[in-house]
Each structure stands twice: as C-alpha cells, then as structure tokens.
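Quick note, the sequences are listed as chains A and B, same order.
Here the first sequence is numbered in our numbering, starting from 1278 and rising by one per residue.
Here the second sequence is numbered in our numbering, starting from -19 and rising by one per residue.
Take a look at the structure below.
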Amino acid sequence: MTGNYLLEISYIIASILFIFGLKMLSHPEKARKGNQWAAFGMILAIITTILFHTKDGKHIGNISYIIVAIVLGTIIGWTVAKKVKMTAMPQLVSLFNGMGGACAALICLMEFPHLGQVTNNFNMFSGEVFDLLIGLVIGSVSFAGSMIAFGKLNGNIGDLRIKSMRFVNIGFLLIIILFFIFIMSRGYIIPITIMPYIYLLLGISLIYGISFVMPIGGADMPVVISLLNSFTGVAAATGGFLYHNQAMLTGGILVGSAGTILTILMCKAMNRSLINVIVGVFGGSSAIGKQTVGNIKEITLSDASILLSYSQKVVIVPGYGLAVAQAQHLCHDLEKILEEKGVEVSYAIHPVAGRMPGHMNVLLAEADVSYDKLIEMDEINPVMPNIDVCVIIGANDVVNPAAEDDPASPIYGMPIIKAYNAKNIIVMKRGMGKGYAAIENNLFFNDKTRMLFGDAKATLQKLVTEIKNL
Amino acid sequence: MEQILSFIYSFKEPIFIVILSIFLGIEVISHVPAVLHTPLMSGANAIHGVVIIGAIIVMGHAISTISMIIGFIAVVLGTLNVVGGFVVTDRMLEMFKKKK
Chain A
1278 MTGNYLLEIS YIIASILFIF GLKMLSHPEK ARKGNQWAAF GMILAIITTI
1328 LFHTKDGKHI GNISYIIVAI VLGTIIGWTV AKKVKMTAMP QLVSLFNGMG
1378 GACAALICLM EFPHLGQVTN NFNMFSGEVF DLLIGLVIGS VSFAGSMIAF
1428 GKLNGNIGDL RIKSMRFVNI GFLLIIILFF IFIMSRGYII PITIMPYIYL
1478 LLGISLIYGI SFVMPIGGAD MPVVISLLNS FTGVAAATGG FLYHNQAMLT
1528 GGILVGSAGT ILTILMCKAM NRSLINVIVG VFGGSSAIGK QTVGNIKEIT
1578 LSDASILLSY SQKVVIVPGY GLAVAQAQHL CHDLEKILEE KGVEVSYAIH
1628 PVAGRMPGHM NVLLAEADVS YDKLIEMDEI NPVMPNIDVC VIIGANDVVN
1678 PAAEDDPASP IYGMPIIKAY NAKNIIVMKR GMGKGYAAIE NNLFFNDKTR
1728 MLFGDAKATL QKLVTEIKNL
Chain B
-19 MEQILSFIYS FKEPIFIVIL SIFLGIEVIS HVPAVLHTPL MSGANAIHGV
31 VIIGAIIVMG HAISTISMII GFIAVVLGTL NVVGGFVVTD RMLEMFKKKK
C-alpha cells in the first residue's frame, strides 16, 4: 500500500514540475532549467510507475522487456536529437510528436478489448468507450499528420493542392462521427467482438490524418505541427482518464491547451486565421498582386563592402535562405568585422523568420550571435529610418511591402519589417526566385535597393574578405 | 441521461483537473516572447510524452505475445517522444546562454 501512496505523490510532484517547467520555459534565462525540471518530473513518473503501479493487485510485469524498450528508445531519441542540424528542427519536433501520437493510439487499441475484463459484457455507451475512441482517433490523426508534415518539411513530399480535398476531409470527419455513434450504440456486448470496427476506425483516422495535412502548404507546416502537438496532448490525456492518472491528465491537457494557444499566436504572427490555414486557401488563390515596374539594380562586392564599412548603423534581416545556406556563422563574422570598424550592427527578427516562430533566434544563437543584438520587429520598425544600411539575407516575404499596400496580395495584412524605410537596402539573394508565398516583391525594385546575387554563404564569405582588405 | 450523469459523477476529479489545466495552459503560455516559441513548442512536445506511462502500464500487464509486441513498440515510441523532445529542447536552449 505504501507503494500506492508513493505513486500518487510522485504523480503530484511530476504534475507540479510539468507546470513549473512550462512556466519557466517562457523566460529566456530560466528556460533551460524549466526544461530540465520537466524532464526530471517525467523520469520520476516513469520510475515510480514501473516500481509501484498495480492493477487489480498485480504489479507491473515484463519489467526487463520494458527496460529494454526504454533503453532502445533512449539511444535512438538521444542520438537523433543530438545529431540533427538546427535547420531541421521543425521536422524533428514533428517526428517526435508523431511518435507520441502513435503511442497514445496503440494504448487505446490495446486497452479496448480489456474493457469489462475481456470476457464480460460491457456497456458501449459509456465514458470509457468514448474516451478510448477519442484517444485512438486523435492519436492516429496526429501520428499520420505529423509524418506528412515531417515529409513536407524535409522536402520528401510536395504539396497536393486540390480544392476538393476539403470536401473529402469533411467526409472523413463525418464517417468518423458515424463510427462513434455506431460503436457506442451497440449496448452491452463483449468488447472484443467489436474490434474489426475499431481497426477500421483506426485505418480511417490514419487516412484522415494524411488527407488533413496533404493540401496544407509547406509554409504553414509550423502551425500544423503546433496544432498536432496539442492533439497529441489531448490523446495523452485520454490515457489519464482511462487510468485515473493525474500526471498523464495534467501533462496532456496542459500541452493541449498551451499548444492551441501557441497555434493561435503563430497564426496571428502570420496574420491568418486557423481555419484559413486548415482549409488551405493560402497560395491557392490566383491573386497575382500588382505588377511590378522598375529595374533591378545590382551592386558589386567592393561597393557593398565600402557602403557597409562607412555606415553607422547596419541592420541585418536574416531569413530562411540564410539558414539553408548554413551561413549564420559567416553572418556573425560580418557582424564582428563591421563592429571592429565602429559600425553598429543588429539583427531584425521577424516573428516567423525561419520555419517556426523563434526558429531564427535559435539559428543565430547557434552561431554565437549575442542575444541582445536580436531585435524584434516591433522595436526595429520605428527606428528603421535612422538605419544606414539594411542587409536582407535570404529573406523575402517578411520584408515585402505588398503586405502593407496591396490588398490583392495573399500576404496583405501580414506585419512586416519595414526595410524600405532604411536609407540603403542590400538584398542578398540566390536569384530572382520568389519567396515561400510565391509572390513578387516590390522592395527589390525600390530605388534604394541594390541586389547582391549569389549563394548566401559564398557571397558573405567574399564580402567579409573584401571588408577585411579595405 | 442517467448514464451521462453517472459518468460525469464518477469522473468528477479528472474533469476538474482538465478544466483547471486548460486555464493553466493558456495562462502559462500567453506571456511567452516570440523568441521562445520554438523551444516552447518542443518542450511541450516532450511533456506530452507522459503518454509513455500508459504504454508501460499496457506492457506491464500484457499477457499475450501480440500485446507484448504492441506494448513494446508503444514504449519505444513513447521513450522517443520523451527523450528526443527533452534533449532537442535542451540543445536549443543551451544556445540562448548569455554571451559576454
């Protein structure tokens, strides 16, 4: 019995640690500690479950196999998490999220036949059945969806933009609801007899997960991952209901609600509604936007280096292109060499720069860029007219003035970094390709703008050498 | 009707926890600076790995070979979620250290 007490107490401690961990994750200085506290809570909950959990008086069996499974998962998870490049972070989060979803779905699948002690009749119209069905459906949708999101971010899967997909998806949802009604209206039966329908429901949920994410554009994947993250939270919480387990309940629901809010915050940063993202209107519209007039003006490396060296204030606007080219370290070199020449350098970070909100901060932090040099969009915009040179490296949509002055543009209304207010603008770009939103950028045709074409890494390298030799 | 009421009654504590947790989650997140969105999402991702407890329970009481195998897979997947999630979050946050 003491074990039982210890188990419950450890669950309470774990829940508190989860809450504190999540809270501390919202302060830059305490975030790492917060993550470690949450991890500690998790380890505590896992160990006490193995040691003290009892079901009908029986302790946890198969402990050696459980430990083998945990060790195996730890080795794989640890290695992958340590080795992955920082640019691949979004797809990795998606992958781990999918694992959690699959785990929840498997649990529900396994527990279903055990309702009513396997051989007895069980009332299908009950909270337990509803709970298991929810866990099964949400867990498997989250798993399948996360895998597709992973494939899209990794570049293995393209977008499937078919308008009719949304009707197909609504159809799937209706079928799932019908399954719920069908299964729950069976009355008193032996649960195992209904298993064929449960497997069918599992299959449909998996297909729904795929068709749910397939039509959503790659640029919206962060929002989708965040949404699926909260789905998995809810799926985990269904397990908490089933086992009357407080740690699973608090952990799951906390992530479910926090994830939903985070999803909405992300949508706000992109000025889109969640419905809009899910239905996938973005980019699917045929709006071309205003035709651009004017000429592209290029700048030579030596001119660019002179311009930068003799400026007082330089702002760098980094985009995903910078990260893809793995040029964040060179960017830091550029910053250092300019600072040596007395130029004040800072970075303007758009909330959705990179592939996820805050992704760019992580990437720059990786390159040792000091935290206080990163300036958020709302702080940089008012002082932009005082900036001598605004250097845009691999960013496009986040500086596109069409978001402000062209109501026909698909990104109209999205807050942008007002680079066009700077005295001079240098755009480093691979070529005249369009941004993720696939729309023309008027900024490139601005009189103050000079283009510096080429791979971000190579160009930055040359620029740094050029400035050194000045 | 009777069944729905009795369900709510028998699950009154979990329902209570759920409602409070929803508000807590909203409260905790709403003051997060955009800088930390990615680590936060990753950290939250690791926390829902708590589902592994369910997997351990399933496997711990598994009798048939099939349920052993599925339980084993569930525990491995859950561990991946937990360990991968926490380690990757830690790696991200390590870079936020103040630099002099």
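Here a beta-carbon is modelled for each residue, glycine too, at the ideal position from N, C-alpha and C.
Note that the structure is a prediction, hence the values are computed from the model and not measured.
- DSSP places M1691/A outside any alpha helix (DSSP H), giving it a letter other than H or E.
- Across the structure, I1425/A and G1432/A are spaced so that their CA atoms are roughly 10 angstroms apart.
- For T1509/A, the enclosing alpha helix (DSSP H) covers residues 1498 to 1520.
- Listed in chain order, the positions of the stretch 13 to 26 of chain B with a beta carbon within less than 9 angstroms of a beta carbon of chain A are P13, A14, V15, L16, H17, T18, P19, L20, M21, S22, G23, A24, N25, A26.
- CA-CA distance, V1445/A to F52/B, rounds to 35 angstroms.
- Think of a sphere of 8 angstroms around the beta carbon of S1403/A: the chain B residues whose beta carbon falls inside it are Q(-17), F(-13), in chain order.
- At least one C-beta of chain A is nearer than 7 angstroms to the C-beta of T69/B.
- Taking a 10 Å sphere around the C-beta of F1459/A, we find fewer than 16 other C-beta atoms and assign the residue as exposed.
- For P(-6)/B, the enclosing alpha helix (DSSP H) starts and ends at -8 to 9.
- In the DSSP assignment, the residues bridged to Y1624/A are I1593/A, L1651/A.
- Under the three-state reduction of DSSP output, K1745/A falls in the helix class.
- Across the stretch 35 to 49 of chain B, CB contacts with chain A closer than 8 angstroms involve A35, I36, I37, V38, M39, G40, H41, A42, S47, M48, in sequence order along the chain.
- The stretch 1694 to 1704 of chain A and the stretch 1653 to 1667 of chain A touch, with no fewer than 3 CB-CB distances between them shorter than 8 angstroms.
- With contacts defined by Cβ atoms closer than 7 angstroms, D70/B and N1339/A do not form a contacting pair.
- In terms of Cα proximity to F1402/A, the closest of V1668/A, Y1465/A, L1531/A is Y1465/A.
- K1706/A: not part of any alpha helix (DSSP H); member of the beta strand (DSSP E) spanning 1701 to 1706, first to last residue.
- Assigned with DSSP and collapsed to three states, E1306/A falls in coil, not helix or strand.
- Of all alpha-carbon atoms in S1341/A, I1530/A, M1363/A, L1328/A, the one lying nearest the alpha-carbon of V1639/A is that of M1363/A.
- Straight-line measurement puts the Cα of V15/B at about 29 angstroms from the Cα of G1731/A.
- Take the alpha-carbon of S(-10)/B and the one of I1324/A: they are about 28 angstroms apart.
- With a threshold of 7 angstroms between beta carbons, K1706/A makes no contact with chain B.
- Between V1594/A and A1644/A, the CB-CB gap reaches or exceeds 7 angstroms.
- Close partners of M1387/A in chain B (Cβ separation under 7 angstroms): V38, S47, I50, G51.
- Residue range 1726 to 1730 is occupied by the beta strand (DSSP E) that includes T1726/A.
- Within 8 angstroms of the CB of M1366/A, the CB atoms of chain B belong to T18, S22, V68, M72, in sequence order along the chain.
- About 29 angstroms separates the Cβ atoms of Q1589/A and V1629/A, ruling out a contact at the 8 angstroms cut-off.
- Think of a sphere of 8 angstroms around the beta carbon of I1458/A: no beta carbon from chain B falls inside it, the nearest being about 15 angstroms out.
- Identification of chain B residues near K1335/A by a Cβ-Cβ cut-off of 8 angstroms yields H41, ordered along the chain.
- Not a single C-beta of chain A is nearer than 7 angstroms to the C-beta of F(-4)/B.
- With fewer than 16 other Cβ atoms from the protein chains shown falling within 10 Å of its own Cβ, Q(-17)/B counts as exposed.
- In the structure shown, the three-state DSSP call for I1467/A is coil.
- Burial is judged here by how many other beta carbons sit within 10 angstroms of a residue's own beta carbon; F1489/A has at least 16 and is buried.
- Around the Cβ of T1279/A, a 10 Å sphere holds fewer than 16 other Cβ atoms; the residue is exposed.
- Across the set S1417/A, M1691/A, T1470/A, the C-alpha of T1470/A shows the shortest separation from the C-alpha of N1397/A.
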